[in-house]
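Asks: Below is a structure I'd like to ask you about.
Take a look at the structure:
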């Protein structure tokens, strides 16, 4: 073998060594790329699942918001009904009191006429009548 041949063989061996080292590095990079892509795909699936869950949570939130809005509207309606009923009850009691003021002197007069003219007993007071919701006060 000549020196030229030896150098060529040595050169080829060096090239093979470099190719081998770079091929090993290339394989490592390829595995890393594949692992990253697989991990990215898995992350993508997780992300899609997280987004679906977020959408469901948003829908549930909106459902609860609508329920709360309806409850608030119902509370407002009940407050209005209560206020109107209290006002009506107050008017009725005022009217009953006014009518009672007209009733008392007329009843006293009727009772006096019954006793003096006809010898009859007095009429029962409102609270004495059977089933009356009126109390003696």
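In the working numbering, the protein residues as written are 34 to 170.
Beta carbons: idealized from backbone N, C-alpha and C, even for Gly.
These numbers come from a predicted model, not from an experiment.
(1) Just verifying my parser: in three-state terms, what is the DSSP assignment at residue 164?
(2) Measuring only the C-alpha atoms, how far is residue 113 from residue 98?
(3) Between residue 153 and residue 147, is the Cβ-Cβ spacing less than 8 angstroms?
(4) Taking the straight line between their C-alpha atoms, what separation do you get for residue 145 and residue 162?
(5) In whole angstroms, what is the alpha-carbon distance linking residue 53 and residue 71?
(6) If you reduce the DSSP assignment to three classes, tell me which class residue 34 lands in.
(7) Using only the alpha-carbon positions, how far apart do residue 108 and residue 122 sit?
(8) So, helix, strand or coil for residue 73, using DSSP?
(9) Out of curiosity, what's the CA-to-CA distance linking residue 100 and residue 76?
(10) Please report the Cβ distance between residue 167 and residue 159, rounded to the nearest whole angstrom; I am assuming they are in contact, meaning their Cβ atoms lie under 8 angstroms.
(11) Where does residue 158 fall in DSSP's three states?
Replies: Working from what's here:
(1) DSSP places residue 164 in coil when its eight states are reduced to three.
(2) Straight-line Cα distance between these residues: approximately 23 angstroms.
(3) Result yes, Cβ atoms of residue 153 and residue 147 sit closer than 8 angstroms.
(4) 19 angstroms
(5) Distance from the CA atom of residue 53 to the CA atom of residue 71, rounded to whole angstroms, is 27 angstroms.
(6) coil
(7) 21 angstroms
(8) helix
(9) Taking the straight line from one Cα to the other gives about 35 angstroms.
(10) Sure, about 5 angstroms apart at Cβ, within 8 angstroms.
(11) coil
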